[in-house]
Each structure stands twice: as structure tokens, then as C-alpha cells.
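Each remark here refers to the structure printed beneath this line.
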Amino acid sequence: MKKRYFHSIDSLRFFAFLKVYLLHLPIQGDFPIFSFLKSGGGIGVSFFFVLSGFLISYLLIFEKVKKNRINLKKFFFRRALRIWPLYFLMVIIVFIIPFDFKEKIGFHMVGGGYDLDWKYSFTFLENYKMLLADQFPKTTPITVFWSLCIEEHFYLLWMISLFIIPIKHVLKFLFLCIFISWEARAHETSIFNNSLIVSNDLFTNLDYFAIGGLLAYFIVTDYQKIIDFIENISVQIKRLMVIVVVLVVVFQKYILPNEYGTILYILRPTIISLLFCILISIFLPENSSIKIKSKLLSFLGVRGYGLYIYHIIFIHCGFQYCITENIKIDNWLVIGAFIIFTLGGTIILSSISYKYFEMPFLAFREKKYFN
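The opening residue of the sequence shown carries number 9 in my numbering; numbering runs sequentially from there.
This is how it looks when you write it as C-alpha cells:
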């Protein structure tokens, strides 16, 4: 048994980021194409959750099957060295920058929001602060840190659960997690009487991770059978499946309307998770007939963590500049310039951050906890 490298995953990660980026673009005026592309941008985060569920479950289940145990210390520090440095760097910067300067450059969200509380920001509990306040934090990039908090909670739950649970019961655990997510979404209104911030905790998002985990379980325990099955699907059918997933993502507003309090609201994340797992599985075989071969997309996907954190800074600062200079983002020239500045700046800063800040921690992780 050997660990597998899954090609095309990094490229898919970049496409998910791009959906989130489009959601946050503050386009003004009547631009139906942008309204259409922006709608349901949160599905990009949903893909991140499913992908994390798959990759993290794969690592943990693989280790459990191969060694009959999980090294909790090794796993914890591997994840910490990937997530914590950039996370805490941003939190520290946000807390030490003077209030007036943050206001001037656009670090404060236009339209308000709640003031940061270090007890939540430094302990990966910002998502619960958002639920309690029923609004976003006013300071960027903390506005998007809710998903990082959920990811951190997922790591803790998964490593402890899979450490304790025998392999023969892992499937039951994963299905239990799916059921818990249904119950959590069905009863969240009785806990948080919110109108803006909903489904912002681990339990209401648990099926994303669990369904990604199901795919990982079958890949680890019956790799060749699963891969043979995927490879025997015709190229035409695979392409059709990819098109179906893309159409659901693009037209989700109409195909899977997110109407709060309905049965579809409860089941929608599960359906989306299954579709994303189908998409991921198509690219799993090493000699897959369908690959995303772009080195550029792979390069950008590897830097997806930085892209996710930095993009909102550029967008907020760019929007603040437009407000200060009385520039309306309501024509194609300004929109194009805004995208070049925000997306281009995000890519440049993410690349610099990855090479000079994140990579030293990853190199240490490789030396200390991989060998």
C-alpha cells in the first residue's frame, strides 16, 4: 500500500477559490452576467470542505490501515504548521494596526459589522462570534476566517474520532456525521435566531467533510476496485458528469434553491457534496483520460490558502479607494481595472507569501513530521 498523489486537485481548488472571489466583487450597476456569476459563491467554500474531508480522511484512514494507529501529535502539528502561521500573522496584524489607519485603507468592511474580540479571533472561534452577533466582523480578512475556524474544528474532531474508532466502524461514523448535519440544520433556528448568519458551525457543515471522507474510505480500503470502476466509465460519460456538476454549480440558484427552513435546505449540502465527490473521483486515476494539465492552474491551486485570505484584503482596500475617489464600479473599464488590481495583486502577494513565509514552515514540517 502506498500513498497516492491526486493530480488535478490543485486546479480544482483554484476554480473553487475563483467562485469565492467572484462572490466578493463589489460590482455596482446593472451587470446580469456578474450577478449570475456571483450568486451562490459560497459553494466554493463547500468544495473546500468536501476536498478537506477527502484529503484529511485519506491521510488518517491510510495511516490507520497501514499502521493500525494514528500518530495524533504528528497529524496535529502537520496541520498546525500549514494553517497557523498565516492565520495568526493576519490576526496579529489586524489587532496591532491602529484603528484610524484600518479605517482609511479599507480594512474595515463598508457597511459596518461587529468589533473584533481577541478571545474569539485567537482561538479559532470567530465563526461562533458571527453566529452570536448575527453579522460579519467589520475587519478584513477576518471576515472570511469563519471557514478556517470550521476547518480547524473538523481537524480536531476527525483526528480524535478516527484515532478512537476501529476501521470497521468508520463507515458508521461517517454516516452518523451526515445524519448529525441534517439534524443540526433542522434545529439551528432554535439555537440561533439569526437572519443573516446561518450554518456557520462545524455540525451544520459536517456532511461536506463526511461525504469527502466516504470517498477517501473507499479509495484507501478498495483502491484498485474503485479505480477500475472509474476507468471503465467512458470518456463521454465522464465529460457529461463534469458538465452536469458545472451546470449545477452555475445554475444552483434555480436547480437547488437555498430556501431556509425547507427539506431542500437540509439536504442541499449533502447533494452538493455528492456531486463534488463525483467530480473529484473522475480525476483520481493516475492515468485518467480526463486531466487538468495546466501548470498555471496547479501553481495557483497550491497557493489557494493565501489566495483565499489575501483576496478579501485587496477587494476591501480597492473598494475603499473607489469610495474615497468617488469612482463607481459600474462600467467595463473600471470593472476590468478593479479585477486586474485585486486578482492580480492577490496572486502576486500569495506567491510571495507562499515562497518566503509559508514554505519555511512547510519545509520544517517536511523535515520534522514527514520523515
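We put the CB at the ideal spot given by N, CA and C, even for glycine.
Next item on the list: Return helix, strand or coil for Ala-122, following the three-state DSSP convention.
Entry: The count along the sequence shown starts at 1 and reaches residue 122 at position 114. Just to set this straight, residue 122 is Tyr in the shown sequence, not Ala. If DSSP states are grouped into helix, strand and coil, Tyr-122 belongs with the strands.
Next item on the list: Compare the Cα-Cα distances from Leu-283 to each of Gln-244, Val-243, Val-99 and Asp-215 and report the closest residue.
Entry: The sequence position of residue 283 within the sequence shown is 275, counting from 1. Comparing Cα positions, the closest option is Asp-215.
Check: Relative to the alpha-carbon of Ile-245, which residue among Tyr-95, Ile-290 and Leu-156 has its alpha-carbon at the smallest distance?
Finding: As a first step, residue 245 is located in the sequence shown; it is residue number 237 there, counting from the start. Among Tyr-95, Ile-290 and Leu-156, the Cα nearest to that of Ile-245 belongs to Ile-290.
Note to self: Restricting to Cα atoms, I'd like to know which of Trp-126, Ser-129, Tyr-128 and Lys-110 is closest to Gly-120.
What the structure shows: Numbered from 1 along the sequence shown, position 112 holds the residue referred to as residue 120. Taking only the C-alpha atoms, the option nearest Gly-120 is Lys-110.
Item checked: Where Thr-278 falls: helix, strand or coil (DSSP) -> Counting from one through the sequence shown, the residue named residue 278 turns up at place 270. In the structure shown, Thr-278 sits in a helix (DSSP, three-state: H, G or I).
Notebook entry, point to check: Ser-16: buried (16+ other C-beta within 10 angstroms of its C-beta) or exposed?
Noted result: Taking the first residue of the sequence shown as 1, we reach residue 16 at position 8. Buried, because 16 or more other Cβ atoms sit within 10 Å of the Cβ of Ser-16.
Checklist line | According to DSSP, residues forming a beta bridge with His-116 | finding: As a first step, residue 116 must be located in the sequence shown, where it is residue number 108. In DSSP, His-116 forms a bridge with Thr-147.
Check: If we ignore side chains and look at the alpha-carbon of each, how far apart do Ile-298 and Arg-86 end up?
Finding: In the sequence shown, residue 298 corresponds to position 290, counting from 1. In the sequence shown, residue 86 corresponds to position 78, counting from 1. So the two alpha carbons sit approximately 31 Å from each other.
Check: Would you say the segment 250 to 267 touches the segment 163 to 171, given that touching needs at least three Cβ pairs under 8 Å?
Finding: no
Check: Would Arg-77 be called buried (16 or more neighbouring beta carbons within 10 Å of its own) or exposed?
Finding: Within the sequence shown, numbered from 1, the residue matching residue 77 stands at position 69. Looking at its Cβ environment, which holds fewer than 16 other Cβ atoms inside 10 Å, Arg-77 is exposed.
Note to self: Check this for me: beta carbons of Pro-293 and Ile-238, under 8 Å apart or not?
What the structure shows: Here residue 293 corresponds to residue number 285 of the sequence shown, with the count starting at 1. Here residue 238 corresponds to residue number 230 of the sequence shown, with the count starting at 1. In contact: Pro-293 and Ile-238 (Cβ atoms closer than 8 Å).
Notebook entry, point to check: Of the residues Asn-334, Cys-325 and Tyr-362, which one's Cα is nearest the Cα of Lys-112?
Noted result: Within the sequence shown, residue 112 is the residue found at index 104, counting from 1. With distances taken between Cα atoms, Lys-112 lies closest to Cys-325.
Check: How is Ile-290 classed by DSSP in three states: helix, strand or coil?
Finding: Locating residue 290 in the sequence shown gives position 282, where the first residue counts as 1. Here Ile-290 sits in helix by DSSP.
Margin query: Under DSSP, the alpha helix (DSSP H) around Gly-220 begins and ends at which residues?
Written below: What you label residue 220 is simply residue 212 of the sequence shown in a count that begins at 1. Taken as a continuous stretch (DSSP letters only), the alpha helix (DSSP H) holding Gly-220 covers 214 to 229.
Notebook entry, point to check: When DSSP labels each residue in this structure, what does Gly-353 get in the three-state scheme?
Noted result: To locate residue 353, count along the sequence shown from 1; it is residue 345. Of the three classes helix, strand and coil, the one that applies to Gly-353 here is helix, per DSSP.
Check: Would you call the segment 339 to 346 and the segment 172 to 188 touching, i.e. three or more CB-CB distances under 8 Å?
Finding: no
Note to self: Could you tell me the alpha carbon to alpha carbon distance between Asp-338 and Asp-236, rounded to whole angstroms?
What the structure shows: In the sequence shown, counting from the first residue as 1, residue 338 sits at position 330. In the sequence shown, counting from the first residue as 1, residue 236 sits at position 228. Cα-Cα distance, rounded: 51 Å.
Item checked: Same chain, Cβ closer than 7 Å to Tyr-29, five either side skipped, listed in chain order -> Counting from 1 along the sequence shown, the entry for residue 29 is found at position 21. So the list reads His-319 and Leu-351, once near-sequence residues are dropped.
Checklist line | Inter-residue spacing [alpha-carbon to alpha-carbon] between Leu-357 and Pro-265 | finding: Indexing the sequence shown from 1 puts residue 357 at position 349. Indexing the sequence shown from 1 puts residue 265 at position 257. Rounded to whole angstroms, Leu-357 to Pro-265 spans 36 Å at the Cα level.
Checklist line | Minimum C-alpha distance to Ile-355 - residue among Leu-305, Phe-327, Pro-368 and Ile-101 | finding: In the sequence shown, counting from the first residue as 1, residue 355 sits at position 347. With distances taken between Cα atoms, Ile-355 lies closest to Leu-305.
Margin query: For the alpha helix (DSSP H) containing Lys-81, name the first residue and the last one.
Written below: The residue labelled residue 81 in the question sits at position 73 within the sequence shown. Its alpha helix (DSSP H) spans residues 80 to 104.
Next item on the list: Check whether the Cβ atoms of Pro-277 and Asn-213 sit closer than 8 Å, and answer yes or no.
Entry: For this step, residue 277 is matched to residue 269 along the sequence shown. For this step, residue 213 is matched to residue 205 along the sequence shown. Closer than 8 Å, so yes.
Item checked: CA-to-CA distance, Ile-241 to Phe-23, given in whole angstroms -> Counting from one through the sequence shown, the residue named residue 23 turns up at place 15. Counting from one through the sequence shown, the residue named residue 241 turns up at place 233. Answer to the nearest angstrom: the Cα atoms are 24 Å apart.
Check: Expressed to the nearest angstrom, what Euclidean distance is found between the alpha-carbon atoms of Val-243 and Ser-296?
Finding: By one-based count along the sequence shown, residue 243 stands at place 235. By one-based count along the sequence shown, residue 296 stands at place 288. Rounded to the nearest angstrom, the two C-alpha atoms are 9 Å apart.
Next item on the list: Hey, could you find the ends of the alpha helix (DSSP H) Ser-306 is sitting in?
Entry: On the sequence shown, residue 306 is found 298 positions in, with the first residue counted as 1. Element bounds for Ser-306: 303 to 310.
Next item on the list: Compute the Euclidean distance between the alpha carbons of Leu-287 and Asp-142, then round it to the nearest angstrom.
Entry: Residue mapping note: residue 287 aligns to position 279 of the sequence shown, counting from 1. Residue mapping note: residue 142 aligns to position 134 of the sequence shown, counting from 1. Roughly 34 Å separates the two Cα atoms.
Item checked: Close beta carbons around Ile-51, own chain, < 7 Å, minus the five adjacent residues each side -> The residue labelled residue 51 in the question sits at position 43 within the sequence shown. Contacts found: Lys-27, Val-257, Gln-260 and Ile-280.
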